[in-house]
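Undergrad: Those letters in the sequence shown? Residues 85 to 142, by the numbering used here.
Heads up, the beta-carbon is just placed ideally off N, CA and C, and yes, glycines get one too.
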Amino acid sequence: MVERTFGLLKQHHGLAKARYLGLERNKTRAQLIAMSHNLKTGVNIFKQMRSLGDCYAQ
85 MVERTFGLLK
95 QHHGLAKARY
105 LGLERNKTRA
115 QLIAMSHNLK
125 TGVNIFKQMR
135 SLGDCYAQ
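#1: Using alpha carbons as the reference points, say which of SER120, LEU107, PHE130, TYR104 lies closest to THR89.
#2: Which class does GLY126 belong to by DSSP, given the choice of helix, strand or coil?
#3: Taking the CB atoms as reference points, tell me whether LEU93 and ALA118 lie closer together than 8 Å.
#4: Determine the direct distance from the alpha carbon of GLN115 to that of LEU107, and round the result to whole angstroms.
#5: So, are the CB atoms of ALA102 and ASN110 less than 8 Å apart?
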């Protein structure tokens, strides 16, 4: 499912083009965007587990 994730990040979060000059700044930006995407995904999974009544998501 890697290609789908990169596609979403490129299309919706602007990773198709470099925003800053310099590798370090662009690397940091990409890492922050990836972390926010992972947090959003985790929250959605938690909500689904909670709605199903999973005992671990209390």
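TA: With the structure as the only source:
#1: SER120
#2: helix
#3: yes
#4: 12 Å
#5: yes
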